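Structure first, then comments.
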Amino acid sequence: GDAERLPFADDAFDAVWSSGSIEYWPDPVAALREFRRVVRPGGGVLVVGPDAPHSSVFERVADAIMLFYDEDEADRMFDAAGFERFEHRIQQARPGSPRAITTIAHAPE
């Protein structure tokens, strides 16, 4: 399916969850707005994506392949999509492995 055009009614869900796909969305803010549309007021959204690399060389290569973002960029995207009260967690399976950023956001009441 297309994250920017979900086949569901407005306010259809208590929560929306996406893992491992935001990095491939052509327009992440548009998709997050669509998540906002289908989650009920006060509902939650959880999105897991790749954390921005912390190497300038890898960052240039990575951005050419897919979206990588940090907490500041996540704040900007979720705010632009109309969410409030968002928080982020960074996870890493083991030292040296890729890191993931998990964002939990809430739709306004």
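With the sequence shown counted from 1, adding 6 to any position gets you this note's numbering.
Beta carbons: idealized from backbone N, C-alpha and C, even for Gly.
Keep in mind that this is a model prediction, so the values were computed, not measured.
Opening and closing residue of the alpha helix (DSSP H) in which residue i lies
{"i": "residue 190", "result": "Because residue 190 is not part of the residues shown, which for the chain are 7 to 115, the question remains open."}
Identity of the residue in the options nearest residue i by Cα
{"i": "residue 55", "options": "25, 95, 87", "result": "25"}
{"i": "residue 109", "options": "86, 23, 12, 9", "result": "23"}
{"i": "residue 116", "options": "88, 76, 77", "result": "No answer is possible for residue 116: the residues shown for the chain start at 7 and end at 115."}
Beta bridge counterpart(s) of residue i as assigned by DSSP
{"i": "residue 24", "result": "53"}
{"i": "residue 96", "result": "107"}
{"i": "residue 75", "result": "57"}
Residue i to residue j span [Cα, whole Å]
{"i": "residue 29", "j": "residue 42", "result": "18 Å"}
{"i": "residue 106", "j": "residue 27", "result": "12 Å"}
{"i": "residue 103", "j": "residue 92", "result": "25 Å"}
{"i": "residue 36", "j": "residue 12", "result": "11 Å"}
Element boundaries [beta strand (DSSP E), containing residue i]
{"i": "residue 105", "result": "105 to 112"}
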